[in-house]
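Report on the following structure.
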Amino acid sequence: MNLKQLEAFVKVVETGSFSKAAKELYLTQPTVSAHISALERELKTRLFIRNTKEVTMSEAGQDLYKYARQMFELECQIAEHFNVQKRDSANHCITIAASTIPAQYLLPDVLMVFKNRYPEEQFKLIETDSSEVVSQIVDGMADVGFTGTVLEKKHCRYIPFYKDKLSIITPNEEKYQALQEEKKGDISWLKEERLILREEGSGTRKEAQKQLRKAGIDMGALDVIASIDNQETIKRSVRQGMGVSILSRLATKEEVQDGHILEFMIPESDEGRDINFVYNKNTPLTANVERFIKVIKEIYRS
Numbered sequence: 003m004n005l006k007q008l009e010a011f012v013k014v015v016e017t018g019s020f021s022k023a024a025k026e027l028y029l030t031q032p033t034v035s036a037h038i039s040a041l042e043r044e045l046k047t048r049l050f051i052r053n054t055k056e057v058t059m060s061e062a063g064q065d066l067y068k069y070a071r072q073m074f075e076l077e078c079q080i081a082e083h084f085n086v087q088k089r090d091s092a093n094h095c096i097t098i099a100a101s102t103i104p105a106q107y108l109l110p111d112v113l114m115v116f117k118n119r120y121p122e123e124q125f126k127l128i129e130t131d132s133s134e135v136v137s138q139i140v141d142g143m144a145d146v147g148f149t150g151t152v153l154e155k156k157h158c159r160y161i162p163f164y165k166d167k168l169s170i171i172t173p174n175e176e177k178y179q180a181l182q183e184e185k186k187g188d189i190s191w192l193k194e195e196r197l198i199l200r201e202e203g204s205g206t207r208k209e210a211q212k213q214l215r216k217a218g219i220d221m222g223a224l225d226v227i228a229s230i231d232n233q234e235t236i237k238r239s240v241r242q243g244m245g246v247s248i249l250s251r252l253a254t255k256e257e258v259q260d261g262h263i264l265e266f267m268i269p270e271s272d273e274g275r276d277i278n279f280v281y282n283k284n285t286p287l288t289a290n291v292e293r294f295i296k297v298i299k300e301i302y303r304s
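Below, the structure written as structure tokens:
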């Protein structure tokens with residue numbers, strides 16, 4: 003096992019492709035494949051699950067990726083300490099794990115600011131639920147994360163980044179139009195509705211449960227007919243009359259403005275939940291990641 007083989011392995015993981023990894027490393031694809039095969043022979047395990055559409059890590063591959071990332075992060079730190087420019091330091095790929103709301107509605111602007119300042123940087127974005135974001139940070143699978151849920155993990159540092167408010171959305175039908183006029187500030191009618199929610203583990207779902215509890219409604223008593231991990235599917239289902247939902251206002255802003263759905267605010271709700279920027283404070287950070295964190299803090303302060 004050598005650094006060249008590990009470098010090829012990490013690059014395949016971060017690009018999701020043998021051919022892309024070869025291109026970025028200025029190697030031939032057979033050379034990259036040979037490096038991976040050599041690692042698999044030495045470690046006596048498969049590192050990737052290959053099919054015609056994508057390359058994904060096996061469980062053993064995930065373990066190796068955590069260790070390999072730590073090795074290259076330490077390599078960068080050594081180079082920085084002795085003021086030596088590492089050959090490929092400018093191409094370190096920053097891996098970002100983000101829950102749905104920040105991934106789709108906040109990160110594009112953040113990445114644009116950072117990319118304009120540091121045009122050489124590369125990113126890999128992992129979109130998942132809030133709980134998994136924190137797991138990715140703790141396990142060393144991602145450098146930084148964005149999540150709507152704070153989990154008590156001693157290795158994690160959370161920086162509040164954005165205030166996100168939730169609202170109830172319904173089809174734009176006469177029944178709900180009347181409720182908007184007659185039941186302002188009263189959402190007791192929700193107990194008679196079919197509810198479509200985000201999946202278990204979603205920060206949006208956890209916050210919805212919290213806000214409803216403040217309004218005197220127990221989510222456990224509601225008629226939850228579906229749990230869906232795709233908010234676009236939820237919005238389409240609401241528009242078609244399948245039920246009502248509770249989502250981030252960031253996610254429903256356009257549909258509300260266009261009149262496709264109606265919006266009801268949750269009474270007794272506070273200023274909203276924090277979308278947090280999170281990283282592992284016990285993991286050595288590369289210069290690239292430190293620059294990214296600095297930009298995030300600047301955006302938050304502004």
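Note that the working numbering has the sequence shown beginning at 3, numbered continuously upward.
Just so it is clear, CB atoms sit at the ideal spot from N, CA and C, and this is done for glycine as well.
Every value quoted in this text rests on a predicted model; they were computed, and no experiment measured them.
- Linking S60 to E42 through their CA atoms gives a straight-line distance of about 11 Å.
- DSSP places N278 in the uninterrupted beta strand (DSSP E) bounded by R275 to N282.
- Under a 10 Å Cβ-count criterion, F84 is classified as exposed, with fewer than 16 other Cβ atoms of the shown protein chains found around its own Cβ.
- Boundaries of the alpha helix (DSSP H) around L41: Q31 to L45.
- Taking the Cα positions, M143 is about 8 Å away from Q64.
- Of the residues V14, R241 and L66, the one whose Cα lies closest to the Cα of E44 is L66.
- In the three-state DSSP reduction, K193 falls in the helix class (H, G or I).
- For S137, the enclosing alpha helix (DSSP H) covers residues S132 to V140.
- Residues V112, V115, F116 and R119 of the same chain have their beta carbon placed closer than 8 Å to that of V297, with the five preceding and five following residues left out of the count.
- In the three-state DSSP reduction, A99 falls in the strand class (E or B).
- Excluding residues up to 5 positions away in sequence, L197 lie with their Cβ nearer than 6 Å to the Cβ of L224 in the same chain.
- Bridge partners of P173 according to DSSP: I263.
- Scanning D276, V246 and G243 for the CA closest to the CA of L108 turns up D276.
- Separation of R293 and P173 (C-alpha to C-alpha, rounded to the nearest whole angstrom) is 44 Å.
- For V246, the secondary structure class from DSSP, reduced to helix, strand or coil, is strand.
- Contact holds between the segment 142–160 and the segment 199–212, because three or more Cβ pairs, one in each stretch, are under 8 Å apart.
- Cβ-Cβ distances below 6 Å link N284 to H157 in the same chain, with the five nearest sequence neighbours on each side left out; the list follows chain order.
- Between the C-alpha atoms of M267 and D131 there is a straight-line separation of about 24 Å.
- Spanning the alpha carbons of H262 and R241 requires a straight line of approximately 7 Å.
- Rounded to whole angstroms, the gap between the alpha carbons of E300 and D188 is 40 Å.
- Separation of the CB atoms of A62 and T47 is rounded to 4 Å, and the pair is thereby assigned contact status at 8 Å.
- Around the beta carbon of I227, fewer than 16 other beta carbons lie within 10 angstroms, which makes this residue exposed.
- According to the DSSP assignment, L287 belongs to no alpha helix (DSSP H), since it is labelled neither H nor E.
- Secondary structure at A180: helix, using DSSP grouped into helix, strand and coil.
- Each residue's CA atom was taken as its position, placing L49 and Q79 some 27 Å apart.
- Between E56 and K126, the C-beta gap is not smaller than 8 Å, which leaves the two residues out of contact.
- The alpha-carbon separation between E195 and V146 amounts to approximately 39 Å.
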